[in-house]
Amino acid sequence: MEYTGPASLRSATVRASSNGGPATETSAPPVSQRVQDTDAPCIVKTKALMASAGRPVASLAQGVVHWAPPPAALEAATNAMSDPRCHGYGPAEGLPELREALVDKLEKENGLTGYDVMVTAGANQAFTNLVLALTDADDGVVLFRPYYFNHLMAIQMTGGARNIILGDCDATTQHPDLAWLRQRLESPNPPKMVVIVNPCNPTGVLLSRAEVEEAAELCRKHNVWLVLDDTYEHFVYGEGSEHACPPGPNVIHVFSFSKAFGMMGWRVGYIAYPTPELGAPADLGAEILKVQDTIPICATTASQLVALGAVRQGREWVQERVDGLAENRAVVLDALSPLGSVGDGIAGGEGAIYVWGRLPDTCTEHDEDVVAWLVREHGVCTIAGSSCGCPGFIRVAFANLEPKDCAEAAGRLKSGLQELVRLAEAGKLPWAQ
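Numbering (this note's numbering), first residue to last: 938 to 1370.
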C-alpha cells in the first residue's frame, strides 16, 4: 500500500500570540510541505507526556541502554581533549584509523569483505545519507510495517513521502513478507530501495540467515538497493541464534555505536558500502560523500576517537552486557502476558531490545490513549504502535534500566495491562465513555 501521512501530524501555519492569547495566523511564509508531511517525532512527544504526568514515570519507551561506554572508550574521550585534531575538521569519510579498524571488524565479525566504510554522526544520519544518495523523490522505497519511525521520517522530509511502499509482516511472527516483496519487485513499477531492520526495531524479532539472504538475492536480481539496518547486531538471544550480514553489490549496511557500546550521546555510526570489487558502482562512495560533506562535514573527531577505543575494547565486553539483559528481557515478557503469549499477541525477545504487544481489539484505534493512560494511572511509559505504522500495539524497551528498576517498571506495566484487559472486557475503557 502507499503511505499517506495523517493530517493531525502536519505542522500548523498558526502560532500563539506572545501574551498567551488566542493563536493567530502567522505573517511569515509556511515551512516546507516536506516537513509538514513528516510525522511528528514520537520520542519527543513521549518525553513531553512523561513530563506532564505530575508523578514519577518509569520509562520503557526510548531504545537506549543503561550502561556507559567501555573503559578504553572513556580513556580515549579524556585523551581526545588534548588532541589538536579535535578542534578542526576531520576527513569527511571518517578518521583513517577508525575506518581501518571497522573494515577489519566487518571482515572478522560480520563476514563482509569488499566493503568500505563511512563514519557518520549516528545511524539515523547514515540512513538519511543513503536516502539522499540512492533515491530520487519519485522513487519507491519499501518499508515493512511495523517500521522504525525515523526511517519513515527521513524519507518523508527528503521528499519521498508519496512514494513510500508499505509492506506487511506476518501477523504471528512479525517477519517481513518476502513473498509480497517478490511480487512487488516483479511488478511494472518496482521500488528503487528496500529497507529491513534486523534485529528489528520496533518488534524485537530476529530474521534467519536464509530470510536475509533471500531478501538480498531478490533485490540483486531486480537491481534494487537493499539497506540493512544492523544497529542491533550484537543483541541476539537464544542458543544457536545469529545475526546475518549478507554481502552484495546492491547491499548496504548501517551500523551504530549507540546501543552496543552505550554511546548514544556521542553520535557515531557508520555505513558499510560495497566496492567495485563486489560489482558496485565505482562512484558509490563518492556520491554518498557528497551528502556527508553537506550535512555534518564529518562526524565529531572526539566521538570518533571514543568509538575507536570502543572497537579496540572488543566484542566480548559488549557480549557481557547483552547477556546481562536476560533478567530485564524476562520480566518485560512476563509484563506483557496479560496480552497473550509469544506468537499469540506478543512478538520479539529474539533480538534487539524490544518486545511488541497487541492490545485488546477495542483499543486498536486508541493505542496512544492507552500509552497516555498507562503513564497517568500506572506511572510507566511505552511507545504506541501507531508511531510505527501499526495502531493497536505497543513497543516496550527493556535495556534502558538497571535490573532492579526494570523489574519495578515491568510490575507497573503488568498491573496496568491487567486492568486494561479487565476494562476492555467490561466495555469500560475511559476513552470510550
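Even for Gly, the Cβ is constructed at its ideal location relative to N, Cα and C. What you are looking at is a predicted structure, and each value in this text was computed from that prediction instead of being measured.
Paired residues, beta bridge with residue i - DSSP
i     : result
W1293 : A1284 and R1332
R1082 : D1105
H1190 : L1165 and A1209
S996  : C1318
S1278 : D1281 and G1282
T975  : According to DSSP, which records beta bridges pairwise, T975 is partnered with nothing at all.
Alpha-carbon spacing of residue i relative to residue j, whole angstroms
i     : j     : result
G1185 : T1237 : 30 Å
A1219 : G1104 : 31 Å
I1189 : R1295 : 32 Å
A985  : H1303 : 19 Å
L1226 : E1037 : 17 Å
V951  : V972  : Low local confidence applies: a pLDDT of 40 at V951 is under 50, so the model's placement there is unreliable, and no value is given.
P1136 : C1318 : 22 Å
Q1256 : T1140 : 21 Å
G1206 : T1301 : 35 Å
V1161 : K1129 : 5 Å
H1171 : E1044 : 15 Å
A1217 : Y1052 : 10 Å
A1181 : L1360 : 43 Å
L1357 : L1366 : 8 Å
R992  : H1315 : 10 Å
A1309 : T1168 : 28 Å
L1163 : T1110 : 22 Å
L1280 : C1327 : Looking at the sequence itself, residue 1280 is Gly, so the reference to Leu does not match. The alpha-carbon atoms of G1280 and C1327 are separated by roughly 17 Å.
A1284 : P1340 : 21 Å
N1265 : C1343 : 6 Å
A953  : A977  : The predicted model places A953 with a pLDDT of 42, which falls under 50 and marks its position as unreliable, so this point remains unresolved.
G1282 : V981  : 27 Å
M1094 : D1073 : 12 Å
E1287 : Y1174 : 5 Å
Reference residue i, options the options, closest by Cα
i     : options                       : result
L1273 : R1349, L1226, V1243 and I1101 : R1349
S996  : G1364, I1283, L1276 and V1269 : V1269
A1289 : F1335, E1264, S1240 and A1005 : F1335
E1305 : N1016, L1366 and I1331        : I1331
N1138 : R1157, A1223 and P1083        : P1083
H1112 : E1012, E1151 and P1183        : E1151
M1201 : S964, Q999 and K982           : Q999
N1100 : Q1355, A1116 and V1079        : V1079
E1214 : D1075, I1232, N1187 and S1323 : N1187
L1242 : A1013, A988, V1001 and D976   : A1013
A988  : V1312, Q1355, D1075 and G1326 : V1312
M1018 : G1277, S1324, S1323 and A1239 : A1239
P1297 : G1322, I1232, F1086 and G1175 : G1322
D1114 : Q1120, C1106 and R1121        : C1106
G1353 : D1230, D1271, S1195 and F1081 : D1271
L1118 : K1158, S1145 and I1232        : K1158
V1134 : Q1120, E1148, D1166 and E1123 : D1166
F1086 : I1320, A1363 and K1351        : I1320
V1054 : Q1229, T1299 and G1261        : Q1229
L1276 : P1028, V1292 and P966         : V1292
V1259 : K1196, T983, E1030 and D1075  : K1196
Cβ distance (whole Å) where residue i is taken to contact residue j below 8 Å
i     : j     : result
F1198 : A1247 : 4 Å
V1142 : H1088 : About 16 Å separates the two Cβ atoms, so there is no contact after all.
R1456 : E1046 : Beyond the ends of the chain as shown, which are 938 and 1370, falls residue 1456; an answer cannot be given.
R1249 : A1009 : 6 Å
F1194 : A1244 : 5 Å
A1091 : V1068 : 5 Å
G1077 : N1126 : 7 Å
G1059 : R1204 : 4 Å
I1208 : N1061 : Not confirmed; about 12 Å, so no contact.
| query | Which whole runs of the beta strand (DSSP E) in the stretch 1090 to 1149 are 3 residues long or more, in chain order? | reply | 1101 to 1105 and 1130 to 1134
| Which runs of the alpha helix (DSSP H) fall wholly inside the stretch 982 to 1026 and span at least 4 residues, in chain order? | 1008 to 1017
| task | Output the residue ranges of the alpha helix (DSSP H) runs that lie fully inside the stretch 1021 to 1055 and measure 4 residues or longer, sorted by chain position. | result | Taking only runs of at least 4 residues, the alpha helix (DSSP H) segments lying wholly in the stretch 1021 to 1055 are 1033 to 1042.
| field | In chain order, each alpha helix (DSSP H) run of at least 4 residues that lies wholly inside the stretch 1212 to 1245 | value | 1221 to 1231
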